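S.K.:
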Amino acid sequence: MFLWGTATASYQIEGAVTEDGRGLSIWDTFSHTPGKVRDGHTGDVACDHYHRHTEDIALMTGLGVNAYRFSIAWPRVLPTGRGPVNRAGLDFYDRLVDTLCEKGIAPVPTLFHWDLPQALEDEGGWLNRDTSRYFAEYASVVAERLADRVRMWITLNEPFVHVAYGYGLGVHAPGRRLMFDALPAAHHQLLGHGLATQALRAAGAEQVLITNNCTPVRPASDSPEDLAAAETYDMLHNRLFNEPVLTGAYPDITAFGVDIPIESGDLETIAQPLDGLGINYYNPTRIGGPGEDGLPFRIEEITGVPLTAFGWPVVPDGLRELLDGLEARYGDALPPVYITENGCSYDGLDDQERIAYLDGHIQAMKQAKADVRGYFVWSLLDNFEWAEGYHQRFGLVHVDFETQERTPKASYHWLRAFLGGQSTDT
Ligand code: FCB
Numbered sequence: 107m108f109l110w111g112t113a114t115a116s117y118q119i120e121g122a123v124t125e126d127g128r129g130l131s132i133w134d135t136f137s138h139t140p141g142k143v144r145d146g147h148t149g150d151v152a153c154d155h156y157h158r159h160t161e162d163i164a165l166m167t168g169l170g171v172n173a174y175r176f177s178i179a180w181p182r183v184l185p186t187g188r189g190p191v192n193r194a195g196l197d198f199y200d201r202l203v204d205t206l207c208e209k210g211i212a213p214v215p216t217l218f219h220w221d222l223p224q225a226l227e228d229e230g231g232w233l234n235r236d237t238s239r240y241f242a243e244y245a246s247v248v249a250e251r252l253a254d255r256v257r258m259w260i261t262l263n264e265p266f267v268h269v270a271y272g273y274g275l276g277v278h279a280p281g282r283r284l285m286f287d288a289l290p291a292a293h294h295q296l297l298g299h300g301l302a303t304q305a306l307r308a309a310g311a312e313q314v315l316i317t318n319n320c321t322p323v324r325p326a327s328d329s330p331e332d333l334a335a336a337e338t339y340d341m342l343h344n345r346l347f348n349e350p351v352l353t354g355a356y357p358d359i360t361a362f363g364v365d366i367p368i369e370s371g372d373l374e375t376i377a378q379p380l381d382g383l384g385i386n387y388y389n390p391t392r393i394g395g396p397g398e399d400g401l402p403f404r405i406e407e408i409t410g411v412p413l414t415a416f417g418w419p420v421v422p423d424g425l426r427e428l429l430d431g432l433e434a435r436y437g438d439a440l441p442p443v444y445i446t447e448n449g450c451s452y453d454g455l456d457d458q459e460r461i462a463y464l465d466g467h468i469q470a471m472k473q474a475k476a477d478v479r480g481y482f483v484w485s486l487l488d489n490f491e492w493a494e495g496y497h498q499r500f501g502l503v504h505v506d507f508e509t510q511e512r513t514p515k516a517s518y519h520w521l522r523a524f525l526g527g528q529s530t531d532t
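All letters in the sequence shown, in the order written, are residues 107 to 532 by this note's numbering.
#1: Is Trp492 close to the ligand FCB? I mean its beta-carbon at under 7 Å from any heavy atom of the ligand.
#2: In the DSSP assignment, the alpha helix (DSSP H) including Val533 goes from what residue to what residue?
#3: Could you tell me the alpha carbon to alpha carbon distance between Pro441 and Asp358, rounded to whole angstroms?
#4: Alpha carbon to alpha carbon, what distance is there between Val505 and Arg512?
#5: Let me confirm a value: Arg201 is counted as buried when at least 16 other C-beta atoms fall within 10 Å, else exposed. Which label applies?
#6: Comparing alpha-carbon positions, which option in Gly281, Cys450, Pro290, Leu413 lies nearest Arg460?
#7: At a threshold of 7 Å, does Val269 count as lining the ligand FCB (C-beta to nearest heavy atom)?
#8: Identify the continuous beta strand (DSSP E) that holds Tyr452 and give its terminal residues.
#9: Looking at Leu233 and Ala291, is the spacing between their C-beta atoms short of 8 Å?
#10: Run the CB neighbour count on Gly310, radius 10 Å, all protein chains shown included, and call it buried at 16 or more, exposed below.
#11: In the region 339–397, which residue ranges form an unbroken alpha helix (DSSP H) of at least 4 residues, counting only runs that do not cross its ends?
#12: Nearest CA to the CA of Gly210: which residue from Ala164, Asn192, Asp381?
#13: Given that a residue counts as buried once 16 or more other Cβ atoms are within 10 Å of its Cβ, and exposed if not, what is Leu455?
#14: Measuring alpha carbon to alpha carbon, tell me which residue in Pro412, His519, Ala115 is nearest Asn263.
#15: Going by C-alpha distance, which of Gly382, Asp162, His278, Ile368 is nearest Ala493?
#16: Which whole-angstrom value describes the C-beta separation of Tyr444 and Leu109, a residue pair presumed to lie in contact below a C-beta threshold of 8 Å?
#17: The beta strand (DSSP E) spanning Gly431 covers which residue range?
#18: Compute the Euclidean distance between the alpha carbons of Phe286 and Arg499, then round it to the nearest angstrom.
#19: Counting C-beta neighbours from all protein chains within 10 Å, is the total for Met103 16 or more, i.e. buried, or is it exposed?
#20: Heavy atom of the ligand FCB less than 7 Å from the Cβ of His219, yes or no?
#21: If I measure Cβ to Cβ from Arg404 and keep anything under 6 Å in the same chain, skipping five residues before and after, which residues do I get?
#22: Count the other CB atoms, across all protein chains shown, that sit within 10 Å of the CB of Asp254; report buried if there are 16 or more and exposed otherwise.
#23: Helix, strand or coil: how does DSSP classify Val420 here?
#24: Nearer than 7 Å: is that true of the beta carbon of Ala115 relative to any heavy atom of the ligand FCB?
#25: Ordered along the chain, which non-local residues of its own chain (more than five positions away) have a Cβ less than 8 Å from that of Ala523?
#26: Using 8 Å as the threshold, is the C-beta distance between Val351 and Leu373 below it?
#27: Alpha carbon to alpha carbon, what distance is there between Lys475 and Thr532?
#28: For Ser137 and Leu502, I'd like the C-alpha separation in whole angstroms.
#29: Classify Arg182 as helix, strand or coil using the three-state DSSP reduction.
#30: Name the DSSP bridge partner or partners of Gly574?
#31: As an exercise, report each continuous alpha helix (DSSP H) stretch of at least 4 residues that is fully enclosed by the region 200–237, in chain order.
#32: Using beta-carbon positions only, say whether Phe241 and Gly298 come within less than 8 Å of one another.
#33: Let me confirm a value: Arg193 is counted as buried when at least 16 other C-beta atoms fall within 10 Å, else exposed. Which label applies?
#34: Roughly how many angstroms separate the alpha carbons of Leu428 and Leu206, rounded to a whole number?
#35: Please classify Ala434 as buried or exposed, where buried requires at least 16 other C-beta atoms within 10 Å of its C-beta.
#36: Decide if the region 134–154 is in contact with the region 164–177; the criterion is three or more beta carbon pairs, one per stretch, under 8 Å apart.
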């Protein structure tokens with residue numbers, strides 16, 4: 107069955123950050139630090155989904171999706187990241203899963219969508235190898251409770267973005283500015299993915315995926331400098347995260363001048379057989395080189411295409427290019443692909459641009475050679491868009507953050523009609 111769904115993430119929609127024993131996450135700390143998030147917005151209330159999930163599931167039923175990708179907040183389940191389990195936190199996800207199943211919507215949880223328990227950050231976060239092991243323990247706790255109803259699991263969301271923005275550039279939580287010295291956090295996340303995959307399977311999970319953010323990289327010109335820079339960027343953004351998982355080896359990252367702390371057996375652990383690769387696609391990246399301050403690449407603007415309200419270029423065919431590139435590079439090592447996020451930020455209820463964006467990307471996905479088995483729109487609701495706060499609206503459903511009123515946009519009605527005409531076999 108082809109999965110047509112919507113995607114969300116815990117910190118971006120749940121709110122209720124101090125309720126029912128939830129512990130602090132790095133995003134609570136970061137968003138409450140002045141100057142980190144635009145206009146000082148926080149996820150304290152967000153879409154109040156913690157209290158309104160029944161209404162939100164009704165919106166999904168109305169849309170006609172057969173799957174829902176959401177994330178589980180680690181600090182709701184284990185308030186300090188490890189040790190005592192907070193039953194009330196698990197109960198929330200149990201109710202959510204039950205309601206989804208009753209409505210015939212497959213629950214697809216992601217275990218880590220960036221809201222690391224603050225207590226683990228205090229011990230080094232993903233720079234500390236022990237976090238990988240705690241992640242697997244957390245995965246077991248959740249799967250023991252939910253694997254009887256949840257078939258498909260996603261370990262990590264976009265380890266590239268978490269490492270680059272959170273540990274390299276400091277524009278996301280936990281706000282570290284380590285540049286390439288952030289790379290050990292990539293290895294520990296991937297190790298955590300491998301250990302969690304084993305833990306999930308031991309607890310009865312049928313299907314396990316990882317979700318990577320991928321971008322087709324386009325060199326700014328045919329000059330040797332631009333071609334080399336594009337190759338380096340492709341390695342950092344795409345290959346560093348796909349390759350160890352799919353082939354059990356890292357690409358040659360000597361260009362970054364940092365050693366990855368690999369211990370014996372790590373690569374085997376990371377390369378657990380997977381049932382699918384989750385891909386989040388938003389736009390291609392144009393790269394020239396070298397960059398400033400010794401950076402081996404420079405990100406250049408893509409011109410001549412429409413831009414979203416966030417300023418992201420709209421290039422639907424980039425999705426086909428990306429999928430064909432993965433197929434060409436990994437061949438038989440590429441498992442079935444699920445587009446676990448795709449969407450755009452636009453204002454207004456009559457969001458014709460979003461309709462054009464989704465339509466274009468779905469068509470591009472259908473043209474790709476890879477075995478694609480699912481497509482999830484980011485996002486069901488307007489929500490807390492990380493460093494941008496509530497300024498970027500990615501929802502099919504408009505949220506009034508004063509009243510929490512939900513209003514389906516034109517794109518919601520379009521998608522509902524589109525899904526009504528789709529066979530779920532394709
Ligand atoms: C992705 C994130 C998701 C959302 C979209 C717009 O990188 O996974 O949480 O913020 O971008």
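Glycine residues also receive a C-beta, built at the ideal position from the N, C-alpha and C atoms. If you're wondering where the values come from, they're calculated on a predicted model, not measured in any experiment.
M.R.: Here's the rundown:
#1: Flag set: Cβ of Trp492 near the ligand FCB.
#2: Past the boundaries of the shown model lies residue 533; the chain is included only from 107 to 532, so the question cannot be answered.
#3: 23 Å
#4: 5 Å
#5: Label assigned to Arg201: exposed.
#6: Cys450
#7: no
#8: First-last for Tyr452: undefined, no H or E at that position.
#9: yes
#10: exposed
#11: 346–353, 372–376
#12: Closest in C-alpha terms to Gly210, from the list Ala164, Asn192, Asp381, comes Ala164.
#13: exposed
#14: The alpha carbon of Asn263 has as its nearest neighbour, out of Pro412, His519, Ala115, the alpha carbon of Ala115.
#15: His278
#16: Going by Cβ atoms, the distance from Tyr444 to Leu109 rounds to 7 Å, so yes, they are a contact pair.
#17: Gly431 -> not in any beta strand (DSSP E); alpha helix (DSSP H) instead, spanning 423–436.
#18: Phe286 and Arg499: Cα-Cα distance of roughly 31 Å.
#19: Limits of the chain in this structure are 107 at one end and 532 at the other, which puts residue 103 out of reach.
#20: Within the cutoff, so yes.
#21: Gly394, Gly395, Gly397
#22: exposed
#23: coil
#24: yes
#25: none
#26: no
#27: Unreliable placement is indicated for Thr532, whose pLDDT of 49 sits below 50; the coordinate value is still reported in the next sentence. Roughly 13 Å separates the two Cα atoms.
#28: Distance between the alpha carbons of Ser137 and Leu502: 25 Å.
#29: helix
#30: Residue 574 lies beyond the residue range present for the chain, which begins at 107 and ends at 532; the question has no answer from this structure.
#31: Runs of the alpha helix (DSSP H) inside the region 200–237: 224–227.
#32: yes
#33: exposed
#34: 32 Å
#35: Exposed: under 16 other Cβ atoms inside 10 Å.
#36: no
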